[in-house]
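This note's numbering runs 1330 ahead of the 1-based position in the sequence shown. Every residue gets a Cβ at the ideal spot worked out from N, C-alpha and C, and that includes glycine.
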Amino acid sequence: MAAPARSTVCVTGAGGFVASWLVKLLLSTGHYAVRGTVRDPSGGKNAHLMALEGAGERLRLVKADVLDHSSVASAIAGCDGVFHVASPVPSGPCPDPEADVLAPTITGTLNVLKACYEAKVKRVVVVSSFVAVGFNPKWPKGIAFSEDSWSDEEYCRKHQEFGWYFLSKTLAEREAFAYAAKTGLDVVTVCPTLVIGPLMQSSISTSVKIFLNYIKGGYDSIISI
């Protein structure tokens, strides 16, 4: 009897904290061939991915830039599903928020979705963030956040240190749902909160850096959502 065919899925930003664990999980099931997008497939920064069990047979790293539609489309072509995880997470003030945060997050998300639509991908999972939902001082206290909850865009703009990140995730998720409504593409978003845990890669994630800064006294107060 022939072995069942594996589905091929793409994970954008495969070398990041969340994406690395996702790649490991997908490989561990034995049901998926994984195509991971990274900035430099030959770089040592992604060695932890190729060391994963099953990586030699079922993981392929490809170079792609989310701001370059053609490179994204090439990476996604032939995939059954896509996990869009790639997104810049600044650890402090941004000198050029448009170029450093907004464009890679918003335009990058749209490029991925367009490539998925063109490739007839069955489903796209976009990793958003709780900051797209819960950064809204007008939200009634005691009322649970839901799919109808959105961060206040103007309030995000006024937050000097992390506001551009909050805004980028809010706008990107809105654009994702608008694109899904227009095209019929099956899009699901997930909104993690603070992401911490064991590290697979050689450098610590931005969320962990922020958490360490609190422990070391780098901030005077906890961010109020």
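DSSP state of residue i mapped onto helix, strand, coil
i       : result
ALA1511 : helix
HIS1399 : helix
CYS1424 : coil
LYS1452 : coil
THR1519 : strand
ASN1466 : coil
PHE1492 : coil
GLU1383 : coil
ILE1406 : helix
GLU1477 : coil
SER1533 : coil
CYS1349 : In the sequence as presented, Cys is not what sits at residue 1349; that position holds Ala. Helix.
GLY1527 : coil
GLY1547 : coil
VAL1419 : coil
C-alpha distance - residue i paired with residue j, whole-angstrom precision
i       : j       : result
VAL1392 : ILE1526 : 26 Å
ARG1487 : SER1459 : 17 Å
CYS1304 : ASN1376 : Because the chain is modelled from 1331 through 1555, residue 1304 falls outside the range shown and cannot be assessed.
VAL1454 : PRO1467 : 31 Å
LEU1515 : TYR1485 : 31 Å
GLY1438 : GLU1383 : 30 Å
THR1557 : ASP1398 : Here the chain has residues from 1331 to 1555 only, and residue 1557 is not among them.
PRO1387 : VAL1431 : In the sequence on display, residue 1387 carries Glu and not Pro. So the alpha carbons of these two residues sit roughly 35 Å apart.
PHE1541 : VAL1442 : 30 Å
SER1358 : LYS1452 : 22 Å
ALA1506 : GLU1428 : 18 Å
LYS1354 : PRO1425 : 35 Å
LEU1440 : GLY1493 : 21 Å
PRO1522 : LEU1352 : 13 Å
ALA1407 : VAL1396 : 14 Å
TRP1469 : ALA1449 : 39 Å
ILE1473 : GLU1503 : 21 Å
TYR1495 : VAL1456 : 16 Å
ALA1381 : GLY1374 : 11 Å
GLY1411 : GLY1547 : 42 Å
PRO1371 : LYS1471 : 46 Å
PHE1475 : GLY1464 : 7 Å
SER1501 : THR1513 : Residue identity differs from the one stated: residue 1501 is Leu in this sequence, not Ser. Distance between the alpha carbons of LEU1501 and THR1513 is about 18 Å.
Beta-carbon proximity check, residue i vs residue j, cutoff 9 Å
i       : j       : result
ALA1445 : VAL1415 : no
PRO1418 : THR1435 : yes
VAL1364 : CYS1340 : yes
THR1342 : ALA1405 : yes
GLY1360 : ARG1336 : yes
ALA1462 : SER1481 : yes
GLU1477 : LEU1497 : no
DSSP bridge partner residues for residue i (one or two, in chain order)
i       : result
PRO1340 : Here residue 1340 is Cys; the residue named in the question, Pro, does not match the sequence. For CYS1340, which the question treats as bridged, DSSP gives the partners ARG1365, VAL1412.
PRO1389 : Per the sequence shown, the amino acid found at residue 1389 is Leu instead of Pro. DSSP output for LEU1389 lists VAL1364 as bridge partner(s).
VAL1457 : VAL1520
Contact belief for residue i with residue j at Cβ below 8 Å, rounded distance in angstroms
i       : j       : result
SER1535 : PHE1347 : 4 Å
LYS1539 : SER1421 : 5 Å
ALA1298 : LEU1379 : For residue 1298 there is no data in the structure shown, the boundaries of the chain being 1331 and 1555.
LEU1524 : SER1537 : 6 Å
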